[in-house]
Amino acid sequence: MNATLTFLGTGTSMGVPTLACACAVCTSADAHDRRLRPSVLLRWREPETGTERAVVIDTGPDFREQALNEKLAHVDAVFYTHAHADHILGMDDLRPLSFIASRRGGPIPLYADAETTAVLEQVFSYTFSPRATYPTRARVELKPLAERNLVDGVEFVRVPLLHGEMPINGFRFGKAAYMTDVSAIPESSFALLQGVELLAISALRHTPHPSHSTVEQSLAWARRIGARQTWFTHIAHDLGHEETNRNLPGNAKLAYDGLSVPVRL
Ligand SMILES: [Zn+2]
Ligand SMILES: [Zn+2]
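For what it's worth, this note's numbering labels the leading residue of the sequence shown as 22, then goes sequentially.
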């Protein structure tokens with residue numbers, strides 16, 4: 022089955038431009054150097070009914086703007102990689118989409134591991150508390166993230182990763198994988214990535230960082246996985262789009278906000 026993966030945001034936690042920064046990338050006139058917080062959208066059509074399905078991975082603080090850019094009219098499920106602010110703070114902007122989902126049959130399922138669930142329940146207690154009374158709260162339902170999760174016939178496989186000391190989740194779907202905020206890939210996770218043709222993986226900058234891989238590290242993993250095409254995301258203001266891409270191999274490039282690529286499910 023054919024699907025489309027869209028990069029809703031390709032920036033690091035602070036976004037690019039970064040507040041109060043006057044560096045060459047933050048003041049660049051190239052639209053590719055404007056990066057919202059990291060998130061992707063996977064869309065496909067059900068073969069029999071033609072119904073469009075849409076799954077979002079992470080809802081960061083820019084989710085509303087990203088959904089407007091993509092004219093997102095419904096969401097079937099959300100997966101969370103981890104509970105840092107740049108990955109969860111847009112959850113509340115699911116509200117209008119959740120009312121649509123709720124009228125069609127039920128709340129939007131949010132797949133999250135135990136640690137992420139605990140943070141979401143705390144940050145959005147007015148949504149998740151059993152005593153929540155706020156009438157227009159998001160119609161969403163937290164679901165425990167399993168090793169394999171089925172959404173409308175498509176399997177999302179959890180790929181355990183490390184983000185500094187923190188265990189987080191990447192996701193494999195069909196011949197593609199999305200792995201953001203990664204600083205180390207446990208040996209056992211490489212088996213889950215066999216046959217991945219399209220890899221979307223974070224690459225913060227060239228200088229090492231305790232909880233994020235560099236471009237060189239992510240490139241080495243992409244080679245080991247054997248991806249035909251690799252797109253880098255979660256990019257800091259250290260990397261100018263054009264200059265960085267000029268020095269990268271043809272099959273591994275910086276992604277940019279709004280980039281859509283075909284994937285095989
Ligand atoms: Zn992040
Ligand atoms: Zn993070």
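C-beta: ideal position from N, C-alpha, C; glycine also.
Just so you know, these numbers come straight off a predicted model, no measurement behind them.
For residue i, three-class secondary structure by DSSP
i, result
"H230", "strand"
"F100", "strand"
"P283", "strand"
"F145", "coil"
"H184", "strand"
"L29", "strand"
"A106", "helix"
"A205", "strand"
"A94", "coil"
"N266", "helix"
"A241", "helix"
"A212", "helix"
"A248", "coil"
"A88", "helix"
Beta-ladder partner(s) of residue i, from DSSP
i, result
"F253", "I222 and L275"
"A41", "Bridge partners of A41: none, in fact."
"W65", "A24 and R74"
"R56", "V37"
"M200", "I222"
"G191", "V180"
Contact set for residue i: own chain, Cβ-Cβ below 6 Å, skip 5 residues either direction
i, result
"V144", "none"
"K164", "P130 and Y132"
"V203", "L182, S223 and S234"
"T148", "R158 and A159"
"I121", "H95"
"A257", "T33, L225 and R226"
"T251", "L220, A243 and A273"
"S232", "H184, G185 and S204"
"S119", "I129, A159, R160 and V161"
Proximity test, residue i beta-carbon vs ligand 2 heavy atom, cut-off 7 Å
i, result
"D83", "no"
"D298", "No information on residue 298 is available, as it lies outside the stretch 22 to 286 that the chain covers here."
"H95", "no"
"I53", "With the sequence shown as reference, residue 53 is identified as His, and Ile is not the correct amino acid for it. Checking the Cβ of H53 against ligand 2 gives no."
Other residues of its chain near residue i: CB distance less than 7 Å, five sequence neighbours each side excluded
i, result
"D173", "E67, R74 and D97"
"L286", "M22, A24, W65, V175, F194 and G195"
Check: residue i C-beta below 7 Å from any heavy atom of ligand 1
i, result
"S34", "yes"
"D278", "no"
"P128", "no"
"P181", "no"
"D202", "yes"
"D173", "no"
"P188", "no"
"P231", "no"
"P354", "No answer is possible for residue 354: the residues shown for the chain start at 22 and end at 286."
- prompt: Which whole runs of the alpha helix (DSSP H) in the region 114 to 178 are 4 residues long or more, in chain order?
  reply: Counting only runs of 4 or more, we get 116 to 125, 135 to 144 and 146 to 149.
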